[in-house]
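Asks:
In the working numbering, the protein residues as written are 52 to 104.
Next up, the structure:
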């Protein structure tokens, strides 16, 4: 269902601007995902445990 995808996308963006801000800041500083795989996997995994569509 595309509405759930959109809700997930918006929720993840909000999460990364608040709770996941340190990971987002690392990406902004590095300008690359290289070496940040584990950080993003953890942040997305943490978000998924709280997401309700």
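We treat Cβ as the ideally placed atom computed from N, Cα and C, and that holds for glycine.
None of these values were measured; they are calculated from a predicted model.
Do you know how far the Cα of residue 62 is from the Cα of residue 101?
Replies: Working through the chain shown from its first residue, we reach residue 101 at position 50. Working through the chain shown from its first residue, we reach residue 62 at position 11. Cα-Cα distance, rounded: 10 Å.
Asks: Quick one: measure Cβ to Cβ for residue 70 and residue 91, integer angstroms, because I've assumed they're closer than 8 Å.
Replies: Mapped onto the chain shown, residue 70 falls at position 19. Mapped onto the chain shown, residue 91 falls at position 40. Contact doesn't hold; Cβ gap of about 13 Å is too wide.
Asks: Could you name the residues of the same chain whose beta carbon sits closer than 7 Å to that of residue 77, not counting the 5 residues immediately before and after it, in chain order?
Replies: In the chain shown, residue 77 corresponds to position 26, counting from 1. Taken in chain order, the residues that qualify are 87 and 90.
Asks: As a quick exercise: from 54, 60, 53 and 52, pick the residue whose alpha carbon is nearest that of residue 98.
Replies: Along the chain shown, read from residue 1 onward, the residue named residue 98 stands at position 47. Ranking the options by Cα distance to residue 98, first place goes to 60.
Asks: With a CB to CB cut of under 8 Å and the five nearest residues on each side skipped, what residues in its chain are close to residue 55?
Replies: The residue labelled residue 55 in the question sits at position 4 within the chain shown. Within the same chain, residue 55 has close Cβ partners 104.
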